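For the sequence shown, full-length UniProt numbering begins at 1 and goes up steadily by one.
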Amino acid sequence: MAKIKIGILSDTHGWLDPELVELFQDKQVDLLIHAGDIGNQEVIDQLEALAELKIVKGNIDGGDLRFLPETLVFLVGPRKFVLRHIAGSPRSPNMAARGLIAEHKPDIFICGHSHIPVVGRVKETLWVNPGACGRVGFHDLCFALFLYVDEDSGELEMERIHLGSRVAGFKKP
């Protein structure tokens, strides 16, 4: 029973926490999923050096990042994923999210944007927002997730990564 190890993150806004990089390395993740608001190419390069990367653009991603897709649909083992930055919440998915769930019938829908970690359900779909892990925004705490997918049965396990205070990474001049 082999498990596919996935790191899920969002809203880095141009800064990748070194502690998170170390956790991804220690866990030897097979796949990284970034749900948008990347901030710069350097974050992408750092993540691609660690594992295969699935990534969508967020509303702050300009320049060359604007050419990233808004939505990705992909398989991990037997599980279908949909990835999109802005989607609302499981209680109130926006029109785009409702349409993607109806069209693709994913097992897992991953989004970002709100900076608020949420795990819920929309009908049969598991809705995951890892929360923000960057230093920019109104959130006080930074989060990411590990998701483990059994490559045969598709069984899921999830582990929250608590990275501490958003301001902890700032250095005073």
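Cβ atoms here follow ideal geometry from the backbone N, Cα and C, with glycine treated the same way. Here the structure is a predicted model, which means the values were calculated and not measured.
Around the beta carbon of G134, 16 or more other beta carbons sit within 10 angstroms, so the residue counts as buried. In this structure, G112 sits near H85, with a CB-CB distance shorter than 7 Å. Contact between V118 and L145 does not hold, since their C-beta atoms are separated by about 11 Å, which reaches or exceeds 8 Å. Here A144 is bridged, per DSSP, to I161. Assignment of R135 by DSSP, reduced to helix, strand and coil, places it in the coil class. DSSP places I101 in the helix class (H, G or I) of the three-state scheme. Residue state for R66 is assigned as helix, using DSSP reduced to three classes. Rounded to whole angstroms, the Cβ separation of Q41 and D26 is 25 Å, and the two are not in contact under 8 Å.
Taking the CA atoms as reference points, H139 sits about 11 Å from D11. If you compare the alpha carbons of L147, V73 and G164 with that of I8, the shortest gap goes to L147.
In the structure shown, K54 adopts extended strand secondary structure according to DSSP, grouped into three states.
Comparing alpha-carbon positions, the option among M95, F74 and I60 lying closest to K54 turns out to be F74. When the beta-carbon positions are compared, L100 and L83 stay at least 7 Å from each other. Under DSSP, the beta-bridge partners assigned to P93 are G88. In this structure P18 is exposed. Its beta-carbon is surrounded by fewer than 16 other beta-carbon atoms within 10 angstroms. In terms of CA proximity to A35, F109 leads the group F109, G62 and D152.
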